Amino acid sequence: MKFLLGFAVIAAVLPGFWCACKTIEELDQCAYEISFLANRNLKIPTNDGEVVGMCDNAKKGLKCLADHARECAKGALKSITIKVMNDLENHLHTRCDNPAERAEFLRHIGCFTDNSKADAVRLCADKHMVMMEKVSNMPKPLRLGGACCSSHSLRECAINHITNLCSGETGDYFNDMISDIAEENIELVCKEYSSLDKCDAKYDPATWTDLKAIMASEDASMVGKHQYKTIVPIIVKMLKEARK
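Taking mature numbering (1 follows the signal peptide of the UniProt record, and there is no 0), I'd label the letters of the sequence shown as residues -19 to -1, 1 to 225.
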């Protein structure tokens, strides 16, 4: 989930990113390997070896997405996309290849060996998926703001739950991780909607009220209300329609 924020928003608003190099299902699975808190199939690591294994899976997922970008994107778009991929790759190497960083990650991720705590954060990701599916069916002028504001809403939901269920220190750790990975690139794309306050002030009020109601819900059935594992297929849909 954290690794996808900056990448997803940029990909969602740059026409021409995706082509037929990989199937929707393949891209969805690649992205799912990176989403270590949203992915219900991943075992929360309890030792350094398991952290290394999780990192290896994330690197494979990122390589899949990066290879697709290098093979399919063109021109200036290719340069921007590869920059996003490089940022994510550098972050993974920093967190995964340094034993001290892995130990710090293990200390904080350990909170989620309690499935009830992990599921609360995963529900944030599920609700974000539902929001983005709704955004993808909106009139095109509303989609950029919807994508940006939904991403901010996801971050708030996840960090608030982590802080309340684990600790303020662990909340700060994952909030800093999101900033390291995504903040620069999200600010680049979401200039007009760079925070929830700006979304409240500038985004279409009725649309934003509807989207916020989704994230405010604690309905566990949200888990089954989205078609795919990640937002990548939703992005593909929006980009195909943007070119029409």
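Backbone N, C-alpha and C fix where the C-beta goes; we use that ideal spot for every residue, glycine too.
Here the structure is a predicted model, which means the values were calculated and not measured.
#### Entry: Straight-line gap, Ala1 to Ala47 (C-alpha atoms, nearest Å)
For Ala1, the predicted structure reports a pLDDT of 47, less than 50, and the residue's modelled location is therefore unreliable. The matter cannot be settled from this model.
### Task
Check each candidate in His109, Leu123, Lys179 and Gln10 and name the one with the smallest Cα separation from Ala139.
His109
### Query
So which of Gly34, Asp95 and Phe93 has the shortest CA-CA distance to Arg76?
Gly34
### Query
Cα separation between Phe17 and Pro80?
19 Å
### Task
Could you pull out every unbroken alpha helix (DSSP H) segment of at least 4 residues lying fully inside the stretch 83 to 163, listed in chain order?
96 to 117, 124 to 146 and 149 to 159
### Query
For Gln10, does the three-state DSSP call read helix, strand or coil?
helix
### Message
Let me check understanding here. Comparing Cα to Cα, which of Gly149, Val32, Asn118 and Asn71 lies closest to Ala163?
### Response
Asn71
#### Entry: Exposure of Glu14, with buried meaning 16 or more beta-carbon neighbours within 10 Å
buried
### Task
Determine the DSSP secondary structure at Asn20, reduced to helix, strand or coil.
coil
### Task
Just the C-alpha distance for Glu222 and Ile212, rounded to the nearest angstrom, thanks.
16 Å
### Query
Between Asn38 and Lys24, what straight-line distance do the alpha-carbon atoms span, to the nearest angstrom?
12 Å
### Task
Starting from the C-beta of Glu137, find all residues in its chain whose C-beta is less than 6 Å away, skip the five residues before and the five after it, and write them out in chain order.
none
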